[in-house]
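Engineer: Chains as they are written, first to last, in full-length UniProt numbering: chain A, 1 to 304; chain B, 1 to 304; chain C, 1 to 304; chain D, 1 to 304. From the three backbone atoms N, C-alpha and C, an ideal C-beta is built for every residue, glycine too. Given the structure is predicted, the values throughout are model-derived calculations rather than measurements. Let me begin by handing over the structure; questions about it come next.
4 protein chains.
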Amino acid sequence: MNSILRIGRIELRVMDLELSAEYYRNVIGLEEMARDNERVYLKAWDEYDHHSIILKKADAPGMDHMAFKVKGPYELEVLERKVEQFGCKTWRISHGSRIAEGEAIRFEIPTGHEVELYSDIEFVGTGTGFTNPDPWPDNLRGIAPHRLDHALLTGNDIETVTRFFTEVLGFRQTEKIITVDGEQMLGSFLAITNTAHDLAFVKGPDNKFHHAGFHVDNWYEVLKAADILSKNKINIEVTPTRHGITRGQTVYFFDPSGNRNEAFASGYITYADFPTITWTEDQIGTGIFYHRRELVESFSKALT
Amino acid sequence: MNSILRIGRIELRVMDLELSAEYYRNVIGLEEMARDNERVYLKAWDEYDHHSIILKKADAPGMDHMAFKVKGPYELEVLERKVEQFGCKTWRISHGSRIAEGEAIRFEIPTGHEVELYSDIEFVGTGTGFTNPDPWPDNLRGIAPHRLDHALLTGNDIETVTRFFTEVLGFRQTEKIITVDGEQMLGSFLAITNTAHDLAFVKGPDNKFHHAGFHVDNWYEVLKAADILSKNKINIEVTPTRHGITRGQTVYFFDPSGNRNEAFASGYITYADFPTITWTEDQIGTGIFYHRRELVESFSKALT
Amino acid sequence: MNSILRIGRIELRVMDLELSAEYYRNVIGLEEMARDNERVYLKAWDEYDHHSIILKKADAPGMDHMAFKVKGPYELEVLERKVEQFGCKTWRISHGSRIAEGEAIRFEIPTGHEVELYSDIEFVGTGTGFTNPDPWPDNLRGIAPHRLDHALLTGNDIETVTRFFTEVLGFRQTEKIITVDGEQMLGSFLAITNTAHDLAFVKGPDNKFHHAGFHVDNWYEVLKAADILSKNKINIEVTPTRHGITRGQTVYFFDPSGNRNEAFASGYITYADFPTITWTEDQIGTGIFYHRRELVESFSKALT
Amino acid sequence: MNSILRIGRIELRVMDLELSAEYYRNVIGLEEMARDNERVYLKAWDEYDHHSIILKKADAPGMDHMAFKVKGPYELEVLERKVEQFGCKTWRISHGSRIAEGEAIRFEIPTGHEVELYSDIEFVGTGTGFTNPDPWPDNLRGIAPHRLDHALLTGNDIETVTRFFTEVLGFRQTEKIITVDGEQMLGSFLAITNTAHDLAFVKGPDNKFHHAGFHVDNWYEVLKAADILSKNKINIEVTPTRHGITRGQTVYFFDPSGNRNEAFASGYITYADFPTITWTEDQIGTGIFYHRRELVESFSKALT
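Here is the structure:
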């Protein structure tokens, strides 16, 4: 139980590696940690593992895989068996397949996305260190989020993927969107930490990526993020607003390949006894965009 | 020069007086100060004159008039002559025509709107008083702005109305929107105080009202305003964002009659030597909505 | 592991039950949930269990006990055995000893404080509910924190109490203060959730209470808290500032009996692999009060 | 009337010109605009005149003079006569005495401070420009205030200096501190703009400098300022708090020569009809530091 620590990394497919690296470095404000012929590895200043975002050169945008960090090799093996028992075939990614990473277990989840579990990755420390640290480092650039926060994916069968993450991997469902008759689940928000969500699914085509969320401190940082995006002529899809779901504050925008990013702040705390919040489909607009109270067309359609 | 102290009041036409009073009291959070058969008088908690918003029962929404407070009777007479000299006919509104008000001078400005000047209105004090005051009063309701901040009106001839306000009434033009060839003025932002604007005009039909802006403290208060509007199922036209023009932070919405309101925060300071900022028409989207970088259709069209 | 969900409640000794209840209701802004002859039970608006603060009539201030919520009866029994194995005698508090509570296990920790574990308490729901909820309820009063956040206690042997909470109860040490020579631990910050701390100890007399921290949303809410305290003539010991430890934003003050309270915002996220941050004694001032960079005398001395 | 536009500059005496310039550039975040053998000239990013702070090499800290910008040469002459009529001898500072400045009129005010009036200074523009500007420039350093905001000076005869600034120079008194019996004025807050104060005097020795205030945007920027000061080991005298007087948010600290600086945010708006707020001496603590509700000893004593 709770063998998984957090969302550890997302590998995004990008069409122009250099342009994308420049965007994630200077607009998002991540640090470039390493690169090889086809990949660039980046981390946020407050993360201590070697990287959380991998950009991979590709012909089309999207998510290659996302990965969760697990406590240790023992927990990794236990989870491997449980994933297999659920009916998902797993395979091993060997040490050194990507820079600074140890062995990982990979499998396809019921929505068709590739997911990895791992416990071994190089420790590099944060921007402030662990001895008498300042609260933030000098020379931050761009949006400068603290960390990768969560991902939202789409899929056809929200019930099954929810069952997979809760029963197999120990996530809790913090919120769900259901049809008004209660018969079908249209959205599922899942937490492995005490946050409001670490991962979410909404009904849509299988194996599609909706967005990666980066954590910023507060509503003023969301404003700063939007200002920086506009200064850099980055297309902002959803200007600063509040989510009904998670209560978080948000701005949505796109990387140069069309992968959606979010700067996300706040959101409530959850515990193992947190009762799942239910949104009914007729209130889905308010749930997603609390101020607009209706969906934005592109928000459902633009997937990578 | 600088005989005018500030925007003093706006009289809005509303179709359901009771419903509108309830909205301005509980959602905007103004205090109802007085009422008679056809009007309700309200003020914000940080204003010390008797009222700044008058709601008047009418068959259609819009602005009956707006009024500027002048230093004293002498300055009022001087301005009356200057208004006449510009070619606008003036007439006197006698003491007691509306509750708590003294005599006023009324005239039609070049865009067809009715404007008044006055120096006499009952002093009632603020919510915190003038002796050892707390920074804010208890029991605030709703958005609870500090004050009426500015108005935006539309008209056909922006050049002439700008000339009227600068040459006759002593306003300074802080920003303007011009066609790319520089030949025509499409927007004009005018200040009589050290704020970024107390009044503005954009090109459109004569004698139409675009919005009344209420001053809130900061970006968090803009979020609170938007939350309160959504809780009250008030239609939010433009969710929280930043203006390029004025740099202010904003949310736009409508009163029950369709008159547009704004909760506005921040904005830079201006002085008599502040050089007018120029926006070219191709950047008008960024000027109005800095994050969206394009206009919202309703924003140009919904006028009362 | 991680059988404990969170800090569940603190029972504070107060000298004037009515005066104290009034303070916790109107200044802190908790809801009074129940009372009997000698106790008043309160909760914060965003908590869903019946109460988190119990005020108990007594001759002197201080903490009667604090309690952690455990997942279920099985985990409670497992922890009971582990506590006993560590050498702490435990006893059972029977169902109904206090209002709305089931059975609890009580024991004395190495610093002499009484601590309880429980899994059974009446569920009452939050102020916003679990179906299509608004982000915050109407009619909040006072500081209106989301929840009880953490406690700080003093004791003579910080090493042993740290070992107790980490080895027996599954807490992680997120930060520690040590002497410059590294030989002695002067402070220990412990988390059972992903927050920066749920409980902390600093060197001082055994069985003393330093403060209870309430969670508020952000730095503006800390300002609002300080304003409200000053309006109510409540003594503010430490005006708004940032902690080096936890990076949190804070204001400290006292309840009518002299028990210290804190309104606390922000703070970083931690995980099972978070490396403990070390503060050396020569930097303790910066660690506690990042802006002042030295301790406040009363802060070490005023204990209840 | 209102011939004066604003506080234009302060010339501070500093003991180590290089060290001081480094502090005002990197910690305060001003731009160095020019320097000669004995002076360094700096401006804030949002100011458009050539400089607002002059550092002058000296043996002891303090204020050489402060200066107000006047509309034009005609107004300058009128004010010169009025100053003389009040009984203050004036003399002319000739064009080119300091870099980028035209002629100025200098005189000693009743508290013994040297004050200048001028209308001629080189225009250099702001960090964002005046055509389709972004709301803030890239590459801000340090606290990065928008502008010099106000000064606080001490003197023996607060009544007379108040009369000088109101009757001769057109300032309005926005707040005053008086003895409980009302017989003596202990503090006087004066505005020439619509802010809560542009200049203030408190009772103390003649010809002493208390502080120069720099304007930052909001309460979060005050936190950022305090964080930056602490990172740079700058002594913070008063950690972030609110003033009762002006309602502003503040942090106080010292430059390397011991001249006090303030980062100041918010504060209400005033107009010509704003009634002076009165603080009685028994509430002076609350007036100055709204959360502490008592004075800080150094705050009255450390003057330069």
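(1) I want to see whether chain E comes within less than 8 Å of Ser230(A), judged by CB atoms only; does it?
(2) Among Val78(B), Val83(B), Glu297(B), Ile53(B), which one has its Cα closest to the Cα of Ala151(B)?
(3) Pairs of beta-carbons, one from the region 106 to 115 of chain B and one from the region 31 to 50 of chain B, closer than 8 Å: are there three or more?
(4) Which same chain residues, not among the five before or five after Asp134(B), have their C-beta less than 8 Å away from its C-beta?
(5) Per DSSP, what kind of secondary structure is Ala302(C) in: helix, strand or coil?
(6) Grab me the residues of Ile277(B)'s own chain with a C-beta within less than 7 Å of its C-beta, minus the 5 sequence neighbours each way, in chain order.
(7) Among residues of its own chain, excluding the 5 on either side of Glu237(A), which ones have a beta-carbon nearer than 8 Å to its beta-carbon?
(8) Using a Cβ-Cβ cut-off of 7 Å (strictly less than) and excluding sequence neighbours within five positions of Ile245(C), which residues of its own chain qualify?
(9) Using only CA atoms, which one of Val40(B), Lys56(B), Ile284(B) lies nearest to His50(B)?
(10) May I ask you to list, following chain order, the residues of the region 132 to 143 of chain B that have a beta carbon less than 8 Å from some beta carbon of chain C?
(11) If the cut-off is 9 Å on Cβ atoms, which residues from the region 26 to 53 of chain B count as contacting chain D, listed in chain order?
(12) Helix, strand or coil, according to DSSP, for Ile192(D) in the structure here?
(13) Closer than 8 Å is the cut-off here; do at least three beta carbon pairs connect the region 79 to 87 of chain D with the region 14 to 33 of chain D?
(14) Tell me which same chain residues have a C-beta within less than 6 Å of the C-beta of Asn2(C), skipping the five on either side of it?
(15) For the region 154 to 185 of chain C, enumerate the residues whose C-beta is nearer than 7 Å to any C-beta of chain A, in chain order.
(16) Per DSSP, which one or two residues make a beta bridge with Trp91(C)?
(17) List the residues of chain D that Asn227(A) touches, going by C-beta distances under 8 Å, in chain order.
(18) Answer with buried or exposed for Gly182(A), where buried requires no fewer than 16 other C-beta atoms within 10 angstroms of its C-beta.
(19) Between which residues of its own chain and Phe201(B) is the CB-CB distance below 8 Å, once the five residues before and five after are set aside?
(20) Would Lys44(B) and Leu117(B) qualify as a contact pair, given that the criterion is a beta-carbon distance under 8 Å?
(21) Quick one: Cα of Asp16(B) to Cα of Lys57(B), how far?
(22) Report the residue from Lys208(D), Asp273(D), Thr270(D) whose alpha carbon sits nearest the alpha carbon of Gly258(D).
(23) In the structure shown, what three-state DSSP assignment does Lys43(C) receive?
(24) Report yes if the CB atom of Arg98(A) is closer than 8 Å to the CB atom of Ala60(A), and no otherwise.
(25) The beta strand (DSSP E) spanning Pro240(D) covers which residue range?
(26) At 4 residues or longer, what runs of the alpha helix (DSSP H) sit wholly inside the region 145 to 213 of chain C?
(27) Please name the residue, chosen from Arg147(D), Arg9(D), Ile28(D), Val27(D), that lies closest to Ala100(D) on a Cα-to-Cα basis.
(28) Looking at the unbroken alpha helix (DSSP H) that takes in Thr286(D), where does it start and where does it end?
(29) If you drop the 5 nearest sequence neighbours on each side, which residues of the same chain put their C-beta closer than 6 Å to that of Glu75(A)?
(30) I'd like to confirm the pairing. Which residues does DSSP put opposite His215(C) in its beta bridges?
(31) Mind listing the chain B neighbours of Pro240(A)? Cutoff is C-beta to C-beta under 8 Å, in chain order.
(32) Thr166(A) to Met63(A), Cα distance in whole Å?
(33) Is the CB of Trp279(C) under 8 Å away from at least one CB in chain D?
(34) Helix, strand or coil: how does DSSP classify Lys56(B) here?
(35) How big is the Cα-Cα spacing for Arg81(A) and Val168(A)?
(36) If Thr241(B) and Arg292(B) are in contact, beta carbons under 8 Å, what's the gap, nearest whole angstrom?
Structural biologist: On the basis of the data shown:
(1) No chain E appears in the structure shown, which is made up of the protein chains A, B, C and D.
(2) Ile53(B)
(3) no
(4) Thr128
(5) coil
(6) If we look at Ile277(B) and ignore the five residues flanking it on each side, its Cβ neighbours are Thr174, Glu175.
(7) Excluding sequence neighbours, Glu237(A) sits near Tyr252, Phe253, Phe254, Arg260, Val296, Ser298, Phe299, Ala302.
(8) Glu175, Phe189, Trp279, Gly287, Ile288
(9) Ranking Val40(B), Lys56(B), Ile284(B) by CA distance to the CA of His50(B) puts Val40(B) first.
(10) Asp134, Pro135, Trp136, Asp138
(11) Asp46, Tyr48, Asp49
(12) coil
(13) The region 79 to 87 of chain D, when compared against the region 14 to 33 of chain D, does not touch it at the 8 Å Cβ threshold.
(14) Gly170
(15) The residues in question: there are none.
(16) The partner list for Trp91(C) (beta bridge, DSSP) reads Arg106(C).
(17) The residue asked about is misnamed: residue 227(A) is Asp in this sequence, not Asn. Those within 8 Å of Asp227(A) in chain D are Asp134, Pro135, Trp136.
(18) Counting every other CB atom within 10 Å of its CB across the protein chains shown gives Gly182(A) a total below 16, marking it as exposed.
(19) Thr111, Leu152, Leu153, Thr154, Gly155, Ile158, Val161, Thr162, Gly187, Ser188, Leu190
(20) According to the sequence shown, residue 44(B) is Ala rather than Lys. In this structure, Leu117(B) does not lie closer than 8 Å to Ala44(B) by Cβ.
(21) 7 Å
(22) Lys208(D)
(23) Of the three classes helix, strand and coil, the one that applies to Lys43(C) here is strand, per DSSP.
(24) The Cβ-Cβ distance between Arg98(A) and Ala60(A) does not fall below 8 Å.
(25) 236 to 242
(26) Correct list: 158 to 163.
(27) Arg9(D)
(28) 284 to 288
(29) Ser3
(30) Arg147(C), Phe264(C)
(31) Thr239, Pro240, Thr241, His291
(32) 22 Å
(33) No, Trp279(C) lies away from the interface with chain D (no Cβ there is under 8 Å from its Cβ).
(34) strand
(35) Val168(A) has its alpha-carbon roughly 9 Å from the corresponding atom of Arg81(A).
(36) 7 Å
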